[in-house]
Structures are given as structure tokens and as C-alpha cells.
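Colleague: Okay, handing you the structure first.
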Amino acid sequence: MTIISSTVAVGTLGGTITMTSSDKLAGIESTLGAEELLEAVPGLKDMSLDIWHKTIANVASGSLSFDLLFTALAWAKQQVERGAQGIVLVQGTDTLEETSYFLDLYWPYAVPLVLTGAMRHPEVAGADGASNLLNAIKVAVDIRSRGHGVFVVMNDEVHQARYVMKTHANAVNAFESPQVGPIGVILENQFILRRQANERLLFPVPEDTSPCVLLLESTLNESEEIYDWILHSSYKGLVIAGFGAGHVPGNIAKKLVPIIENMPVMICTRTGRGSTTYKTYAYEGSEIDLQRKGALMGGFICPRKARLLLTAMIWSKMDKTKIAEHLRNYSKDSN
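Per the working numbering, numbering through the sequence shown is continuous, rising by one, with the last residue being 339.
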């Protein structure tokens with residue numbers, strides 16, 4: 005491991021990694037803070053690091069909000085300004101694929117920002133939290149991590165925020181990057197970087213975060229009613245996780261016409277792997293038809309990350325032409 009600095013900052017937000025139970029029949033809740041987590045990591049003291057730490061929040065990751073993430077982002081930036089050369093954020097895994105990407109859209113430094121968590125709480129055999137946290141710190145202080153944006157470290161693998169997905173509800177190896185594989189691994193206590201990170205889009209922290217983007221999934225024989233409602237709602241953008249290579253039912257395609265006139269609409273694939281197509285299918289509701297109607301294709305971007313990306317674009321006051329321009333190359337890049 006090539007260490008760039010002896011100073012790393014660790015902030016905790018809650019999640020399974022922090023959860024214990026006072027009553028085994030009552031279930032677990034977030035109870036541990038940053039100091040307690042760090043004290044439980046074997047081998048950490050042997051690294052001779054100066055570790056700054058803060059308990060930022062103690063909530064399940066499904067209860068994280070954009071506001072709380074901006075608070076965590078501001079804290080991380082403050083640590084960089086103080087001199088930290090690696091930042092680690094600890095949180096629950098349920099939204100880790102989303103929060104990591106959200107932060108990646110706003111992280112302006114070459115200093116590594118690494119997120120981690122746990123699939124098993126600390127009171128069970130085989131708990132993975134301490135190992136994940138130790139590995140995250142190793143990655144955060146390694147010179148090879150610089151300039152790559154936000155990483156997610158889980159189960160001895162290092163993933164780029166843009167691609168990482170939670171693909172299993174329970175297993176320790178719940179995280180993958182289905183399109184490209186992990187960007188690196190931890191092997192024999194060393195961080196091995198397999199490739200360089202792909203292009204990132206970077207946005208300024210917005211002044212107004214009130215505009216919201218809705219995410220819907222296409223389903224068999226779905227109702228048109230919600231599309232009538234969207235037209236009169238306060239939403240400013242729409243992402244659809246479409247069938248196959250980015251398709252919707254023909255009747256829904258008709259309903260999208262007035263919506264597209266009022267807000268950007270992005271079509272992704274709901275499959276979890278692969279890309280939307282652009283010029284293959286021409287039936288009503290296909291990608292050719294939807295593009296003719298003015299919809300934008302999400303390419304390789306997964307629907308949940310597409311929602312965050314479109315939100316960032318709208319917050320930064322991009323019009324539909326500018327949004328399409330940014331997506332043109334970014335959404336087609338999978339490796």
C-alpha cells in the first residue's frame with residue numbers, strides 16, 4: 005500500500021454496521037458512533053494513521069435525505085480543507101449505490117472519498133463491518149485512489165460510484181458493478197487498482213433543491229392514470245425504467261407526449277445490465293418512437309442513478325438541449 009498521507013477523516017451516518025440490540029427479540033437499531041466503530045477495527049492502530057472522526061447522523065440509509073447528504077458532503081469538504089488526504093463515510097447499504105453516486109456528482113477534489121457499510125451487524129458471527137471499514141481506510145489513504153471520485157468498498161472489492169449496484173438483499177457479496185466489474189480489489193491487505201475511472205460529470209452544489217424527479221418502472225398492462233397525474237404534479241423531470249432496451253407500452257407512449265413538452269423525460273432499461281438502444285426498434289413505444297417524441301435515452305445508466313443525474317442537471321438550470329448534450333456520450337460509456 006502506497007500511503008499518501010497519515011491523516012484520514014471518517015464520518016458515520018448509521019446503518020447496519022452501527023446497529024446493535026438491547027433485546028434480542030426486539031431487533032437491531034443504530035446505536036454505535038464513529039469512535040466506537042473505529043475502536044472495534046482490528047489492525048487499524050498498526051497503520052499509524054491520524055484519524056479524525058465524527059458521528060454525522062445515526063439513521064438507516066433508507067431515511068437519508070438529499071439535505072443530510074449535503075451536510076455530509078460539507079463535512080467531508082471541511083476535512084479536506086483542514087488537511088485530510090482521505091475521506092471515509094460509513095452508512096447503511098440499502099441506498100449505498102445511490103448515495104455514492106449522488107456524492108460523486110458533487111465531489112470536486114482529487115482527494116479520495118470512500119463509502120462503506122456492512123451486510124451483517126456487529127453482534128453476529130461473520131460480521132463484515134470492521135473488515136469493510138479497514139479496507140475503506142486503506143483505499144482512502146492510497147495514492148492510487150486520487151482523482152477517481154467516489155469509491156464504494158465492500159467485501160474486498162472497490163467499485164466506482166457510477167456503476168456500483170446492490171444486487172442481493174442479504175448476501176455479504178451484495179455489491180457488484182454489473183456493467184464493468186470492480187475498479188479494484190483488496191488482496192493480501194493491498195489495494196490493487198485494475199483500471200482508471202471513467203469520465204465524471206461534476207456539478208456545483210445547488211442553491212435550490214426543491215425541483216424533484218420521479219422514477220417509474222414500466223410494467224405489464226400498467227395503468228395510464230399516473231401519467232395524467234404527472235402532467236399536473238410539481239415534478240420537473242421523469243425517469244422511466246423501461247422494458248428491455250428502453251421501451252414502454254404503446255398507450256403509455258401517447259401519454260408521454262404532453263409530459264415531454266413540459267419536462268425532460270429519460271428512458272432507461274429496467275434489466276440491471278446492458279444499455280438502451282437508439283436505432284433498432286421502431287414500433288410505438290420503442291426507443292425510435294420515444295426519441296421522435298422527444299424523450300432522452302439513458303444508455304448504460306441504471307434508472308436509480310439516472311434519477312439522481314437528471315435531478316442534478318435540473319438543479320443546475322440545464323435546459324433540455326444541454327441535458328441531451330451531456331447525456332450523448334456519458335450514457336453510452338460503459339467501460
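Even glycine gets a Cβ: it sits at the ideal position worked out from N, Cα and C.
Which residue comes first and which comes last in the alpha helix (DSSP H) that contains Leu-331?
Modeller: First-last of the alpha helix (DSSP H) with Leu-331: 324 to 334.
Colleague: For the beta strand (DSSP E) containing Thr-59, name the first residue and the last one.
Modeller: Unbroken beta strand (DSSP E) run through Thr-59: 54 to 59.
Colleague: Tell me the DSSP bridge mates of Phe-132?
Modeller: Note that residue 132 is Asp in the sequence shown, not Phe. None; Asp-132 has no bridge partner.
Colleague: Excluding the 5 residues preceding and the 5 following Pro-186 in the sequence, name in chain order all residues of the same chain whose CB lies nearer than 6 Å to its CB.
Modeller: Counting only Cβ-Cβ distances below 6 Å, and skipping sequence neighbours, we find Glu-161, Val-162, His-163.
Colleague: Which term fits Arg-311, buried or exposed, when burial requires 16 or more other beta carbons within 10 angstroms of its beta carbon?
Modeller: Per the 10 Å Cβ criterion, buried.
Colleague: Spell out the partners DSSP gives Gln-95 in its beta bridges.
Modeller: DSSP, once it has assigned bridges, lists no residue as partnering Gln-95.
Colleague: Taking the CB atoms as reference points, tell me whether Ser-10 and Asp-54 lie closer together than 8 Å.
Modeller: Yes; because the gap between Cβ atoms is below 8 Å, this pair is in contact.
Colleague: Please work out which residues of its chain come closer than 6 Å, Cβ to Cβ, to Ile-318, disregarding the five sequence neighbours upstream and downstream, and give them in chain order.
Modeller: Excluding positions up to five away in sequence, the list reads Pro-215, Lys-240, Gly-241.
Colleague: What three-state label does DSSP hand Val-189 in the structure shown?
Modeller: If DSSP states are grouped into helix, strand and coil, Val-189 belongs with the strands.
Colleague: Between Ser-344 and Asp-212, what straight-line distance do the alpha-carbon atoms span, to the nearest angstrom?
Modeller: Given a span of 5 to 339 for the chain in the structure shown, any question on residue 344 remains unanswerable.
Colleague: Which residue comes first and which comes last in the beta strand (DSSP E) that contains Ala-245?
Modeller: Here the beta strand (DSSP E) through Ala-245 covers 241 to 246.
Colleague: Kindly list the residues whose CB is nearer than 8 Å to the CB of Thr-97, restricted to its own chain and excluding five residues on each side of it in sequence; keep chain order.
Modeller: Cβ neighbours of Thr-97 beyond the five flanking positions: Gly-19, Thr-20, Ser-65, Gly-121, Ala-122, Met-123, Met-158, Lys-170, Ala-178, Phe-179.
Colleague: Just to confirm, is the Cβ distance from Val-168 to Leu-117 under 8 Å?
Modeller: Not a contact, by the Cβ cut-off of 8 Å.
Colleague: Would Trp-111 be called buried (16 or more neighbouring beta carbons within 10 Å of its own) or exposed?
Modeller: Looking at its Cβ environment, which holds 16 or more other Cβ atoms inside 10 Å, Trp-111 is buried.
Colleague: Flag this pair as touching only if the segment 261 to 280 and the segment 298 to 316 have three or more C-beta atom pairs under 8 Å; answer yes or no.
Modeller: With a cut-off of 8 Å, the segment 298 to 316 and the segment 261 to 280 count as touching, because enough Cβ pairs lie within range.
Colleague: Can you have a look at Pro-307 and say buried or exposed, based on whether 16 or more other CB atoms are within 10 angstroms of its CB?
Modeller: Answer is buried; the Cβ neighbour count reaches 16.
Colleague: Candidates Leu-206, Leu-235, Lys-142, Ser-67: which alpha carbon is nearest Leu-218's?
Modeller: Measuring from the Cα of Leu-218, the nearest candidate turns out to be Leu-235.
Colleague: Would you list the residues sitting across from Gly-15 in a DSSP beta bridge?
Modeller: Its beta-bridge partners are Lys-58, Leu-93.
Colleague: Report the rounded CA-to-CA distance for Ser-290 versus Gly-302, giving the unit in angstroms.
Modeller: Computed Cα separation, rounded: 14 Å.
Colleague: I believe Thr-281 touches Ala-257 by the beta-carbon criterion, under 8 Å. Please report the beta-carbon distance rounded to the nearest angstrom.
Modeller: About 15 Å; that fails the 8 Å criterion.
Colleague: Restricting to Cα atoms, I'd like to know which of Gln-95, Asn-139, His-152 is closest to His-125.
Modeller: Comparing Cα positions, the closest option is Gln-95.
Colleague: Do you know offhand how far Asp-232's Cα is from Glu-265's?
Modeller: So the two alpha carbons sit approximately 14 Å from each other.
Colleague: Please state the DSSP three-state secondary structure of Ser-279.
Modeller: Looking at Ser-279 - three-state DSSP - the assignment turns out to be coil, as it is neither helix nor strand.
Colleague: Does DSSP put Ile-196 in a helix, in a strand, or in coil?
Modeller: Strand.
Colleague: Apart from the five residues on each side of it in sequence, which residues of its chain come closer than 8 Å, Cβ to Cβ, to Glu-228?
Modeller: Only Asn-255, Ile-256, Lys-259 meet the Cβ criterion.
Colleague: Counting along the chain, where does the alpha helix (DSSP H) carrying Gln-82 start and finish?
Modeller: Its alpha helix (DSSP H) spans residues 70 to 86.
Colleague: If I measure Cβ to Cβ from Tyr-1 and keep anything under 6 Å in the same chain, skipping five residues before and after, which residues do I get?
Modeller: For the chain, the structure presents residues 5 to 339; residue 1 sits outside this window and is missing.
Colleague: From which residue to which residue does the beta strand (DSSP E) around Phe-106 run?
Modeller: First-last for Phe-106: 100 to 108, but that is the alpha helix (DSSP H), not the beta strand (DSSP E).
Colleague: Out of Pro-182, Gly-15, His-152, state which residue places its alpha-carbon closest to the alpha-carbon of Ala-201.
Modeller: Taking only the C-alpha atoms, the option nearest Ala-201 is His-152.
Colleague: The alpha helix (DSSP H) with Leu-260 in it runs from where to where?
Modeller: Leu-260 -> alpha helix (DSSP H) spans 254 to 266.
Colleague: Taking the alpha helix (DSSP H) that Ile-234 falls in, what are its first and last residues?
Modeller: Element bounds for Ile-234: 229 to 235.
Colleague: Looking only at C-alpha atoms, which of Ile-190, Gly-246, Val-209, Phe-247 sits nearest to Phe-106?
Modeller: Out of Ile-190, Gly-246, Val-209, Phe-247, Val-209 has the C-alpha closest to the C-alpha of Phe-106.
Colleague: Starting from Thr-315 and walking both ways along the alpha helix (DSSP H), at which residues does that stretch end?
Modeller: Where Thr-315 is concerned, the enclosing alpha helix (DSSP H) stretches over 307 to 319.
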